[in-house]
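Take a look at the structure set out below.
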Amino acid sequence: PLGPVPLTPEHEFQLAMLERASRRMPMLNDSEKFREYLPNNSCPTKLYPQQLIPPLQAPDFFSKLEPETLFFVFYFMEGTKAQYLAAKALKLKSWRFHTKYLMWFQRHEEPRAITEEFEQGTYIFFDYERWGQRKKENFKFEYKYLE
Amino acid sequence: LHEKTEYLLREWVGLYHQPAAGRDSSKAFSSFVNHMSLHGILKTDELITRFFRLCTEMCVDLCYRALNEPNQSSTRVRFQCFHTLDAFVRLIVLLLKHSGDSTNTVTKVNLLNKAYIRHIEFHQLPYHRIFIMLFIELNAPEVIFDAINLQILQAFSNILHVLRPSKAPGFAFAWLEIISHRVFIGRMLAVSENQKQAWGMYAQLIVDLFNFLAPFLRNADMPKPTQLLYKGTMRVLLVLLHDFPELLCDYHYTFCDVIPSNCIQIRNLILSAFPRSMRLPDPFTPNLKVEHLPDINTPPRVMTNFAALIQPVQLRKDLDSYLKTRSPVTFLSDLRSRLQLSNTPGMKYNIPLLNSVVLHVGSQAIAHIQSKCQTPSTSAIAHSSHMDIFQNLAVDLDTEGRYLFLNAMVNQLRYPNSHTHYFSCTLLYLFAEANTEAIQEQITRVLLERLIVNRPHPWGLLVTFIELIKSPLYKFWTHDFVHCAPEIEKLLESVARSCI
Amino acid sequence: PGIDLTTLGLNLNQSDTLYTSFQSPWSELPCKPQDIDYHVPNEYLTN
Chain A
1 PLGPVPLTPE
11 HEFQLAMLER
21 ASRRMPMLND
31 SEKFREYLPN
41 NSCPTKLYPQ
51 QLIPPLQAPD
61 FFSKLEPETL
71 FFVFYFMEGT
81 KAQYLAAKAL
91 KLKSWRFHTK
101 YLMWFQRHEE
111 PRAITEEFEQ
121 GTYIFFDYER
131 WGQRKKENFK
141 FEYKYLE
Chain B
148 LHEKTEYLLR
158 EWVGLYHQPA
168 AGRDSSKAFS
178 SFVNHMSLHG
188 ILKTDELITR
198 FFRLCTEMCV
208 DLCYRALNEP
218 NQSSTRVRFQ
228 CFHTLDAFVR
238 LIVLLLKHSG
248 DSTNTVTKVN
258 LLNKAYIRHI
268 EFHQLPYHRI
278 FIMLFIELNA
288 PEVIFDAINL
298 QILQAFSNIL
308 HVLRPSKAPG
318 FAFAWLEIIS
328 HRVFIGRMLA
338 VSENQKQAWG
348 MYAQLIVDLF
358 NFLAPFLRNA
368 DMPKPTQLLY
378 KGTMRVLLVL
388 LHDFPELLCD
398 YHYTFCDVIP
408 SNCIQIRNLI
418 LSAFPRSMRL
428 PDPFTPNLKV
438 EHLPDINTPP
448 RVMTNFAALI
458 QPVQLRKDLD
468 SYLKTRSPVT
478 FLSDLRSRLQ
488 LSNTPGMKYN
498 IPLLNSVVLH
508 VGSQAIAHIQ
518 SKCQTPSTSA
528 IAHSSHMDIF
538 QNLAVDLDTE
548 GRYLFLNAMV
558 NQLRYPNSHT
568 HYFSCTLLYL
578 FAEANTEAIQ
588 EQITRVLLER
598 LIVNRPHPWG
608 LLVTFIELIK
618 SPLYKFWTHD
628 FVHCAPEIEK
638 LLESVARSCI
Chain C
648 PGIDLTTLGL
658 NLNQSDTLYT
668 SFQSPWSELP
678 CKPQDIDYHV
688 PNEYLTN
């Protein structure tokens, strides 16, 4: 039974300011650290169904991804939770991050030599410059570079 | 100072973006800070403050120019703005981190307060960016800032309260974005050791939001911008209901004091919150014995000192005196006029005062009943000074006043606790003892309008309404108002069906 | 009647907290992992 109450001039002013502000809404990446690649820019696309894809946060979602996809996430989504989850998934697939070459290595066969400081043998590594997996023979993986 | 500042800011932005700057720009900073002292900027706090303000204005001007450049994509514009803003934020953080010695928290917090922007222009972007980036950086894992984290949260809460939407409506959307940012909510509500203080600060910000929306919501005057803000508010409240229901439980009284009476769903959402440790029995359970529930005699935590809100003090004294001695009888006949503000329809009553009187009397009644080792029941609540006041209000108030009075009671129908139990019994008692059907109709209206809106519905509301329509004691279905119109009868039957 | 709150894009039945992936009051979708800043080891900052 209270009914409307006439807006005061102050409220009218607030409504006008709110209306102007609504024409310059914050954008999603205004609240996020600057992204070298793939900033969170909303771009007008066809109205594809925006249903909630399976819980992306779930780590096992990442464990289903191919290594190439995980490498893409790792190098192009730097500083985000996705990069962290991709790194975890790669380790579960026996990839090891080399902190000097900044590349991911995987044993191609049992190393020929294993000491306290290093292991040596044939490895597969993902070369982000040529964007592909390559084989490296007689490679010495020094443990001080093992993340 | 202006030229020096412009030169230094330009130099810093260059240094910040160099690969050699290091992840936290500490290398760049150690060389840059010498330049600052060479130019005398660090000589006094006052100079540093002016330096900060000039930098802020330069950043804002740069953003304005970028934002007003024709045919620029928003991505390009943001790249330009962030390029400088993020560097400036990092400079503030590093100056904070290295100002004074790490134990001297006062220096840091004073500096932080000084660094804040003193005025807010219309375009939110530069300020929004500076705020949220500053908050994120000051809450990154850093020993020095961890030691002053509560003061940092306090500083941000204070400035966001100063910049609340009623004061800076042009900043309202960015403001809501900031207070609902996952890092902000996380630090204020999830991780802060000083949970109570931080929760109180956050609750104040939610009150600021409701205060801004109230005039527009009350008139159901919802042009698109208000709708946008309202919908955003509902999303934030849903997050709080899901993740921090205890916050809504603790501050429900404060929130209901500022939410307009016609904002049924927002209020229902707040009143539906219950502690995560609690398991609610299904309100539709046949023959549910509410009085046997484990928590039903536990008083809920109400973080608001509602008794202190009863002003003037003389009213509080007279009220307490009546509650104790059930005299003088004139207190009852005077009460209505002491709750009234004007004769303007729709604005007659002091709603916060009425809310505080109702909850104070109810709390006193519960204490009185429990002091006799009883629990609220029809016999235990009747014939008491407390019930005198409630029955007097039910009879003496006009439609508007009684609506507000009944609302104040129904606002206590939440999860199982002693307030829910007492006010549920009291509402049903007022219905049963009513001397006119108008009172019974209005009790039904107040309950019904809360049940016919979209979910969620508070547990205590459902339990009370089910009791009203099921128990033969209230002869609910025999009243004329139940059959006053076919659609009303259908509506009540459909609500009854969904309840039963 | 208010809003059907299940249409606001928040999965109210999820067991995880909502705030950790809350994107924005104006967004119908939660954050994706690539939207969430994370304090990754220094070595991962390969760019």
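Which chain is which? The protein sequence lines are A, B and C, in order. Letter by letter, the first sequence follows residues 1 to 147 of the numbering used here. Letter by letter, the second sequence follows residues 148 to 647 of the numbering used here. Letter by letter, the third sequence follows residues 648 to 694 of the numbering used here. Think of the CB as a built atom: it goes at the ideal place given N, C-alpha and C, for glycine as much as any other residue.
In terms of residues, what are the limits of the beta strand (DSSP E) holding A:I124?
What you label residue 124 of chain A is simply residue 124 of the first sequence in a count that begins at 1. From DSSP, the beta strand (DSSP E) with A:I124 extends over 118-127.
B:S510 vs C:F669 beta-carbon contact at 8 Å:
In the second sequence, residue 510 of chain B corresponds to position 363, counting from 1. In the third sequence, residue 669 of chain C corresponds to position 22, counting from 1. No, they are not a contact pair.
Close beta carbons around A:L70, own chain, < 6 Å, minus the five adjacent residues each side
As a first step, residue 70 of chain A is located in the first sequence; it is residue number 70 there, counting from the start. Same-chain partners within the cutoff: A86, A89, L90.
Locate the beta strand (DSSP E) running through B:M425, then write down its first and last residues.
In the second sequence, the residue the question calls residue 425 of chain B occupies position 278. It is not in any beta strand (DSSP E) - B:M425 carries neither H nor E in the DSSP assignment.
Would you kindly work out how many angstroms separate the C-alpha atoms of A:E12 and B:I306, rounded to a whole number?
As a working mapping, residue 12 of chain A is identified with position 12 in the first sequence. As a working mapping, residue 306 of chain B is identified with position 159 in the second sequence. A:E12 and B:I306: Cα-Cα distance of roughly 24 Å.
Short CB-CB distance (under 8 Å) between C:L665 and chain B
Mapped onto the third sequence, residue 665 of chain C falls at position 18. Yes, contact with chain B.
Listed by chain order, chain B residues near A:M25 by CB distance under 7 Å:
As a first step, residue 25 of chain A is located in the first sequence; it is residue number 25 there, counting from the start. Chain B residues near A:M25: F320.
Going by CA-CA distance only, name the one from B:L310, B:A315, B:A337 that's closest to B:L297.
Here residue 297 of chain B is taken as the residue at index 150 of the second sequence, counted from 1. When only C-alpha atoms are compared, the closest one is B:A337.
In terms of residue numbering, what span does the alpha helix (DSSP H) encompassing B:Q511 cover?
Taking the first residue of the second sequence as position 1, residue 511 of chain B is located at position 364. Run containing B:Q511: 498-518, per the alpha helix (DSSP H) assignment.
What residues from chain B crowd round C:S668, counting only those whose CB sits closer than 9 Å?
Taking the third sequence and counting its residues from 1, the one referred to as residue 668 of chain C is at position 21. R329, listed in chain order.
Under 8 Å, with one C-beta from each stretch per pair, do the region 552-568 of chain B and the region 590-602 of chain B reach the 3-pair mark?
yes
Taking beta-carbon pairs under 8 Å, can you tell me which members of the region 669-680 of chain C lie near chain B?
F669, S671, P672, W673, C678
Among residues of its own chain, excluding the 5 on either side of B:L238, which ones have a beta-carbon nearer than 7 Å to its beta-carbon?
Translated into the one-based positions of the second sequence, residue 238 of chain B becomes position 91. So the qualifying residues of the chain are W159.
Could you pull the DSSP bridge partners for A:E109 from this structure?
Stepping through the first sequence from its first residue, residue 109 of chain A is reached at position 109. Beta-bridge pairing links A:E109 to no other residue.
For a contact defined as C-beta to C-beta under 7 Å, what are the partners of B:V600 on chain C?
Position 453 of the second sequence, counted from the first residue, corresponds to residue 600 of chain B. Among the residues of chain C, those whose CB is under 7 Å from the CB of B:V600 are P648, G649, following chain order.
B:R426: which of B:N415, B:I417, B:D442, B:P523 sits nearest, CA to CA?
On the second sequence, residue 426 of chain B is found 279 positions in, with the first residue counted as 1. Comparing Cα-Cα distances from B:R426 to each of B:N415, B:I417, B:D442, B:P523, the minimum goes to B:D442.
Unbroken alpha helix (DSSP H) run spanning B:M637, endpoints
Residue mapping note: residue 637 of chain B aligns to position 490 of the second sequence, counting from 1. In the sequence as presented, Met is not what sits at residue 637 of chain B; that position holds Lys. It spans 633-646 - the alpha helix (DSSP H) in which B:K637 sits, taken as one unbroken run.
Identify the residues that DSSP records as bridge partners of A:E66: which are they?
Here residue 66 of chain A refers to the residue found at position 66 of the first sequence. None; A:E66 has no bridge partner.
Using the DSSP secondary-structure output, state which residues sit across from A:W104 in a beta bridge.
Numbered from its first residue, the first sequence carries residue 104 of chain A at position 104. Per DSSP, A:F97, A:F126.
Integer Cβ distance of B:G317 from A:R23, believed to fall under 8 Å:
Start at 1 with the first residue of the second sequence, and residue 317 of chain B comes out as number 170. Start at 1 with the first residue of the first sequence, and residue 23 of chain A comes out as number 23. The Cβ separation is near 11 Å, so there is no contact.
Taking 6 Å as the limit between beta carbons, can you name the residues of its chain near B:D627, skipping five residues before and five after?
As a first step, residue 627 of chain B is located in the second sequence; it is residue number 480 there, counting from the start. Result list for B:D627: empty, nothing under 6 Å.
Would you say B:P619 faces chain A, with C-beta separation under 8 Å as the test?
Residue mapping note: residue 619 of chain B aligns to position 472 of the second sequence, counting from 1. No - not a single Cβ of chain A is within 8 Å of the one on B:P619.
Secondary structure of A:F141, DSSP reduced to three states:
Looking up residue 141 of chain A in the first sequence gives position 141. In this structure, A:F141 counts as strand in the three-state DSSP scheme.
For A:P95, count the other beta carbons within 10 Å of its own beta carbon; 16 or more makes it buried, fewer makes it exposed. Which is it?
Here residue 95 of chain A corresponds to residue number 95 of the first sequence, with the count starting at 1. Checking the sequence, you will find Trp at residue 95 of chain A rather than Pro. With 16 or more Cβ atoms within 10 Å of its Cβ, A:W95 is classed as buried.
For chain B, find out if any of its Cβ atoms is closer than 8 Å to the Cβ of A:A21; answer yes or no.
For the purposes of this step, residue 21 of chain A is taken as the residue at position 21 of the first sequence. It does: the Cβ of A:A21 has a partner Cβ on chain B nearer than 8 Å.
According to a CB-to-CB cut-off of less than 7 Å, which residues of the region 213-245 of chain B neighbour chain F?
Absent from the structure: chain F. Protein chains present are A, B and C.
Put C:D684 into one of helix, strand or coil per three-state DSSP.
Indexing the third sequence from 1 puts residue 684 of chain C at position 37. Note: C:D684 maps to strand in three-state DSSP.
So which of A:E32, A:Y123, A:F62, A:F74 has the shortest CA-CA distance to A:E110?
The sequence position of residue 110 of chain A within the first sequence is 110, counting from 1. Closest option to A:E110, Cα to Cα, is A:Y123.
For A:G132, the three-state DSSP class (helix, strand or coil)
Here residue 132 of chain A refers to the residue found at position 132 when the first sequence is read from its first residue. A:G132: strand per DSSP, three-state reduction.
Within 10 angstroms of the Cβ of B:W346, are there 16 or more other Cβ atoms? Answer buried if so, exposed if not.
Here residue 346 of chain B refers to the residue found at position 199 when the second sequence is read from its first residue. With 16 or more Cβ atoms within 10 Å of its Cβ, B:W346 is classed as buried.
Closest to B:D467 by C-alpha separation, out of B:L609, B:V504, B:F282, would be which residue?
Looking up residue 467 of chain B in the second sequence gives position 320. Closest by alpha carbon: B:V504.
Own chain partners of B:S172 with C-beta closer than 6 Å, once the 5 adjacent residues on each side are dropped:
Start at 1 with the first residue of the second sequence, and residue 172 of chain B comes out as number 25. For B:S172, where only same-chain residues beyond five positions count, the Cβ hits under 6 Å are Y163, R237.
Counterpart residues of A:I114 in DSSP-defined beta bridges:
Your numbering for residue 114 of chain A matches position 114 in the first sequence. Looking at the DSSP assignment, A:I114 forms a beta bridge with A:E119.
Determine whether the beta carbon atoms of A:V5 and B:N366 lie at a separation below 8 Å.
Within the first sequence, the letter at position 5 stands for residue 5 of chain A. Within the second sequence, the letter at position 219 stands for residue 366 of chain B. Yes, these two residues count as a Cβ contact at 8 Å.
Which stretch, first to last residue, makes up the alpha helix (DSSP H) that contains B:R549?
Against the second sequence, residue 549 of chain B aligns to sequence position 402. Per DSSP, B:R549 belongs to the alpha helix (DSSP H) from 546-557.
Kindly give me the distance between the Cβ atoms of C:G649 and B:V600, rounded to whole angstroms, as I take these residues to be in contact under 8 Å.
For the purposes of this step, residue 649 of chain C is identified with residue 2 of the third sequence, where counting begins at 1. For the purposes of this step, residue 600 of chain B is identified with residue 453 of the second sequence, where counting begins at 1. With 8 Å as the limit, C:G649 and B:V600 qualify as a contact, their Cβ atoms being about 4 Å apart.
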